[in-house]
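In what follows, a structure is listed as structure tokens, so that the remarks can point back to it.
There are 2 protein chains.
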Amino acid sequence: MIETPYLLFLGDAPDQLAAKVAQGIKDWRPEHAVGQFRLEGCKADLGLKDMDLAAAKAAGARTLVIGVANRGGVISQAWKKVLVAALEEGFDLASGLHNLLRDEPELVAVAEACGRSLHDVRVPEVDYPIANGKKRSGKRCLAVGTDCSVGKMYTSLAMDKEMKARGLKSSFRATGQTGILITGDGVPLDAVVADFMAGSIEWLTPDNDADHWDMIEGQGSLFHVSYSGVTMALIHGGQPDALILSHEPTRTHMRGLPDYALPSLEQLRDTALPLARIANPDCQVVGISVNTAAMGEDEAMACLDEIEKRMGLPAADPFRQGAGKLVDALAAM
Amino acid sequence: MIETPYLLFLGDAPDQLAAKVAQGIKDWRPEHAVGQFRLEGCKADLGLKDMDLAAAKAAGARTLVIGVANRGGVISQAWKKVLVAALEEGFDLASGLHNLLRDEPELVAVAEACGRSLHDVRVPEVDYPIANGKKRSGKRCLAVGTDCSVGKMYTSLAMDKEMKARGLKSSFRATGQTGILITGDGVPLDAVVADFMAGSIEWLTPDNDADHWDMIEGQGSLFHVSYSGVTMALIHGGQPDALILSHEPTRTHMRGLPDYALPSLEQLRDTALPLARIANPDCQVVGISVNTAAMGEDEAMACLDEIEKRMGLPAADPFRQGAGKLVDALAAM
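Chains as they are written, first to last, in our numbering: chain A, 11 to 343; chain B, 11 to 343.
Below, the structure is given as structure tokens:
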């Protein structure tokens with residue numbers, strides 16, 4: 011569990027895209043984003059107040075989050091100076107970098123001396139159990155995709171936001187590094203040891219109030235041969251009551267696999283639902299989330315309309331339109 | 011890669027069952043089993059020649075394999091004395107124990123001093139790639155089960171043996187600790203990090219002669235919610251040309267999951283085959299392996315007959331009858 015709120019470290023980001031993790035935190039958990047810390051030459055700007063460490067501390071920030079990719083995969087001396095100072099000022103550090111904070115002896119030594127924590131969100135911090143498959147109280151919704159990176163995390167975050175706006179009980183349950191940094195907690199599923207994958211998702215989505223929904227962040231795709239095992243573990247560990255099908259209609263092949271065509275939404279439905287019903291016989295497919303970012307407004311609306319008619323299910327682009335329609339579908343269950 | 015042949019260490023096994031890994035090596039790779047090493051009070055006997063370290067060395071043994079469970083999960087002083095002496099005599103050590111050899115400082119120190127290797131087959135020794143899904147040359151056969159522990163490893167070993175007896179090209183590809191100790195190589199799939207599961211199976215079953223078959227050891231079951239992700243990774247990483255359905259007809263619920271009924275063989279076929287065809291559109295279900303150990307001869311034959319008629323596929327118990335019928339089915343493809 012990463013202590014919030016955050017000071018978002020943008021370093022010397024070469025452009026706005028390099029700071030997309032920080033952007034995600036600011037977009038989805040603005041209450042966690044006290045300010046931004048930028049080094050000279052930083053080309054990203056979240057529109058947050060620029061703060062030094064002392065100002066952020068005074069504003070209540072508890073953790074400095076590295077919300078930016080590092081150039082060349084090295085934690086530079088310029089960065090390290092700030093990270094050390096932050097530990098000395100009483101901040102914890104959290105990072106999704108490939109190079110781990112814990113592999114930097116200087117940071118480890120200072121953190122220990124100052125009694126602060128280093129959170130590398132790519133690495134599991136918990137000994138997860140083996141899944142027991144027992145029915146849990148409360149409700150769970152999982153987005154499953156025709157491919158990787160089609161907007162599953164965005165869909166779950168948007169649905170969680172809409173649920174909360176309606177005064178309904180909802181928790182976003184992160185299963186990837188960006189999601190974990192956004193919400194401060196979660197399971198880095200792609201780094202969990204095989205035997206414990208499903209158990210980690212049971213751990214992440216425990217018994218809850220009967221009217222509470224976990225919005226579980228999806229990973230991979232049953233149709234993506236590199237990661238389908240991870241998706242399978244999410245479906246069985248999450249024992250979802252509701253599935254959202256996620257799709258990006260302009261993609262021409264599976265991400266990173268040029269020889270693999272995308273499945274149709276019908277194939278995804280007919281594959282995912284029977285598998286989900288092994289763990290939860292009452293599971294239903296309730297809606298479709300379509301990432302229309304590559305389309306103009308008219309084309310996007312026509313695409314959504316066609317999918318909705320063809321599949322007989324509500325279809326929405328939660329980025330373009332909000333997640334109201336998808337949350338309506340959950341509420342109607 | 012564990013150096014063969016082996017001296018099989020049975021320790022102070024309280025009964026024959028405790029030595030089942032050693033028994034598996036002796037049954038399936040008798041040419042790897044030079045002799046057995048027993049401590050006082052050992053109640054297991056493989057029918058191999060009892061040898062001390064010097065005699066085994068003279069007979070060509072390269073690795074001392076701990077083919078027995080340890081009492082109380084502790085590597086005792088009596089064991090350690092033998093293990094240290096073995097390293098000093100020039101043996102490598104291989105173990106499938108939960109306590110790792112590498113966590114015993116004395117063994118690590120002696121191994122280093124003597125230039126010997128410690129193989130803990132529960133722990134991956136390779137940095138596996140992420141699966142790329144590319145079509146590989148050669149053929150692959152995978153056993154998929156209605157449940158865990160229904161005889162998938164036995165089926166693959168028996169088919170591999172029958173293939174070799176017919177002069178056909180075949181390799182048993184181990185994915186679990188017993189299989190790895192039997193064959194000296196493999197992937198401890200349940201201990202591989204999620205993102206690399208399918209890639210580890212691609213690594214294990216590389217390009218090969220067009221008429222060569224990999225007999226891939228199955229794990230878990232698509233219907234076992236604790237381990238289904240592991241099974242999924244095997245199906246997509248293995249890109250099998252042939253599936254064998256494995257079943258234990260007397261089981262009343264999924265292993266360890268009292269609330270979960272077993273699927274029918276039809277359900278297994280209809281679930282596994284479309285998933286397998288994502289990675290290999292030519293995949294076929296070619297036969298059924300039935301573990302009839304809990305049945306008398308007449309009952310077993312009637313059961314096999316019924317399954318064969320119902321499913322329209324050859325059905326055999328490879329332990330009771332040999333794997334001839336299943337290999338015939340492969341040859342007929």
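Every residue, glycine too, gets a C-beta built ideally from N, C-alpha and C.
For threonine 188(B), three-class secondary structure by DSSP: Position 178 of the second sequence holds residue 188(B). Note: threonine 188(B) maps to helix in three-state DSSP.
Segment limits, beta strand (DSSP E) that includes serine 210(A): One-based indexing of the first sequence puts residue 210(A) at position 200. Careful: serine 210(A) lies outside any beta strand (DSSP E), inside the alpha helix (DSSP H) at 207–214.
Roughly how many angstroms separate the alpha carbons of arginine 176(B) and alanine 333(B), rounded to a whole number? Position 166 of the second sequence holds residue 176(B). Position 323 of the second sequence holds residue 333(B). Cα-Cα distance, rounded: 12 Å.
Could you please tell me which residues of the region 127–149 of chain B, in chain order, have their CB closer than 9 Å to any CB of chain A? Ile140, Ala141, Asn142, Gly143, Lys144 and Lys145
Simplified DSSP state of leucine 323(A), which is helix, strand or coil: Residue numbering aside, residue 323(A) sits at position 313 when the first sequence is read from its first letter. Coil, per DSSP.
Cα separation between serine 299(B) and threonine 281(A)? Reading the second sequence from its first residue, position 289 is the one you call residue 299(B). Reading the first sequence from its first residue, position 271 is the one you call residue 281(A). So the two alpha carbons sit approximately 25 Å from each other.
With distances taken between CB atoms, is the gap from alanine 325(B) to glycine 297(B) smaller than 8 Å? Within the second sequence, the letter at position 315 stands for residue 325(B). Within the second sequence, the letter at position 287 stands for residue 297(B). In terms of Cβ geometry, alanine 325(B) and glycine 297(B) form a close pair [threshold 8 Å].
Is the beta carbon of alanine 71(A) less than 8 Å from the beta carbon of leucine 17(A)? For the purposes of this step, residue 71(A) is taken as residue 61 along the first sequence, with counting starting at 1. For the purposes of this step, residue 17(A) is taken as residue 7 along the first sequence, with counting starting at 1. Yes, these two residues count as a Cβ contact at 8 Å.
Does chain A have any CB closer than 8 Å to the CB of alanine 71(B)? Counted from its first residue, the second sequence places residue 71(B) at position 61. Chain A contact via Cβ: absent.
In terms of alpha-carbon separation, which member of Ala303(A), Leu49(A), Thr241(A) and Leu74(A) lies closest to glutamate 13(A)? Start at 1 with the first residue of the first sequence, and residue 13(A) comes out as number 3. Closest by alpha carbon: Leu74(A).
Which of the three DSSP states is assigned to methionine 311(A) in this structure? In the first sequence, residue 311(A) corresponds to position 301, counting from 1. Of the three classes helix, strand and coil, the one that applies to methionine 311(A) here is helix, per DSSP.
Residues of the region 186–206 of chain A with Cβ closer than 7 Å to any Cβ of chain B, in chain order: Leu199, Asp200, Ala201, Val202, Val203, Ala204 and Asp205
Threonine 241(B) in three-state terms, based on DSSP: On the second sequence, residue 241(B) is found 231 positions in, with the first residue counted as 1. Correct three-state label for threonine 241(B): helix.
Output yes if chain A places a C-beta closer than 8 Å to the C-beta of valine 118(B); else output no. For the purposes of this step, residue 118(B) is identified with residue 108 of the second sequence, where counting begins at 1. It does not; no Cβ of chain A falls within 8 Å.
Pairwise C-alpha distance: histidine 222(B) and glycine 247(B): Position 237 of the second sequence holds residue 247(B). Position 212 of the second sequence holds residue 222(B). C-alpha of glycine 247(B) to C-alpha of histidine 222(B): approximately 17 Å in a straight line.
Proximity winner among Gly228(A), Lys171(A), Cys158(A) and Met207(A), relative to alanine 184(A) (alpha-carbon distances): Sequence index remark: in the first sequence, residue 184(A) carries index 174 (1-based). Residue Gly228(A) is the option with its Cα nearest to alanine 184(A).
Taking the alpha helix (DSSP H) that aspartate 224(A) belongs to, which residues open and close that run? Here residue 224(A) refers to the residue found at position 214 when the first sequence is read from its first residue. Unbroken run through aspartate 224(A) is the beta strand (DSSP E), 222–226; no alpha helix (DSSP H).
Is it right to say glutamine 87(A) is buried, meaning 16 or more other beta carbons lie within 10 angstroms of its own, or is it exposed? In the first sequence, counting from the first residue as 1, residue 87(A) sits at position 77. The residue in question, glutamine 87(A), is exposed, as its Cβ has fewer than 16 Cβ neighbours within 10 Å.
In three-state DSSP terms, what is methionine 264(A)? As a first step, residue 264(A) must be located in the first sequence, where it is residue number 254. Three-state DSSP puts methionine 264(A) in a strand.
Given that a residue counts as buried once 16 or more other Cβ atoms are within 10 Å of its Cβ, and exposed if not, what is proline 115(A)? Sequence index remark: in the first sequence, residue 115(A) carries index 105 (1-based). Classification of proline 115(A): exposed, given that the 10 Å Cβ count is below 16.
With 8 Å set as the bound, which would you pick, yes or no: does the beta-carbon of threonine 281(B) sit closer than that to a beta-carbon of chain A? Counted from its first residue, the second sequence places residue 281(B) at position 271. So, interface residue.
Round the Cβ separation of serine 231(A) and threonine 156(A) to the nearest angstrom and send it over; I've been treating them as touching at under 8 Å. For the purposes of this step, residue 231(A) is taken as the residue at position 221 of the first sequence. For the purposes of this step, residue 156(A) is taken as the residue at position 146 of the first sequence. Serine 231(A) to threonine 156(A), Cβ: 6 Å. Contact.
Specify, as a first and last residue, the run of the alpha helix (DSSP H) that leucine 74(A) falls within. Numbered from 1 along the first sequence, position 64 holds the residue referred to as residue 74(A). Not the alpha helix (DSSP H): leucine 74(A) falls in the beta strand (DSSP E), residues 73–76.
Length of the line joining the Cα atoms of alanine 286(B) and methionine 61(B): As a working mapping, residue 286(B) is identified with position 276 in the second sequence. As a working mapping, residue 61(B) is identified with position 51 in the second sequence. Whole-angstrom Cα-Cα distance: 47 Å.
Beta-carbon neighbours of alanine 153(B), restricted to chain A and to distances below 9 Å: Working through the second sequence from its first residue, we reach residue 153(B) at position 143. Neighbours of alanine 153(B) on chain A: none; closest Cβ ~17 Å, over 9 Å.
Can you confirm whether serine 236(B), when its beta carbon is compared against all beta carbons of chain A, has any partner nearer than 8 Å? Start at 1 with the first residue of the second sequence, and residue 236(B) comes out as number 226. Yes, because at least one Cβ of chain A sits closer than 8 Å to the Cβ of serine 236(B).
Extent of the continuous beta strand (DSSP E) run through lysine 149(A): Here residue 149(A) is taken as the residue at index 139 of the first sequence, counted from 1. Segment 149–155, the beta strand (DSSP E) holding lysine 149(A).
Hey, would you say the C-beta of leucine 285(A) is under 7 Å away from at least one heavy atom of the ligand ZN? Ligands are entirely absent from the displayed structure, and the ligand ZN is therefore not among its contents.
Three or more C-beta pairs below 8 Å linking the region 158–168 of chain A and the region 162–181 of chain B: With the cut-off at 8 Å, the region 158–168 of chain A and the region 162–181 of chain B do not touch.
Which residues mark the beginning and the end of the alpha helix (DSSP H) in which leucine 110(A) is found? Reading the first sequence from its first residue, position 100 is the one you call residue 110(A). Taken as a continuous stretch (DSSP letters only), leucine 110(A) belongs to no alpha helix (DSSP H), as it is neither H nor E.
Whose Cβ in chain B lies nearer than 7 Å to the Cβ of proline 250(A)? The sequence position of residue 250(A) within the first sequence is 240, counting from 1. Simply none; closest approach about 12 Å.
Any C-beta of chain B within less than 8 Å: which residues of the region 208–238 of chain A qualify? Ala208, Gly209, Leu232, Phe233, Val235, Ser236, Tyr237 and Ser238
Using a Cβ-Cβ cut-off of 6 Å (strictly less than) and excluding sequence neighbours within five positions of valine 154(A), which residues of its own chain qualify? Counting from one through the first sequence, the residue named residue 154(A) turns up at place 144. Once the five neighbours on either side are set aside, the close Cβ partners of valine 154(A) are Gly228, Leu253 and Ala282.
Answer with yes or no whether the minimum CB distance from histidine 263(A) to chain B is below 8 Å. By one-based count along the first sequence, residue 263(A) stands at place 253. Chain B, which has no Cβ nearer than 8 Å to the Cβ of histidine 263(A), makes this no.
Counting only C-beta atoms, is valine 240(A) closer than 8 Å to chain B at any point? To locate residue 240(A), count along the first sequence from 1; it is residue 230. So, interface residue.
Strictly below 9 Å CB to CB, what residues from chain B border aspartate 269(A)? Position 259 of the first sequence holds residue 269(A). By Cβ distance, chain B contributes Gly143, Lys144 and Lys145.
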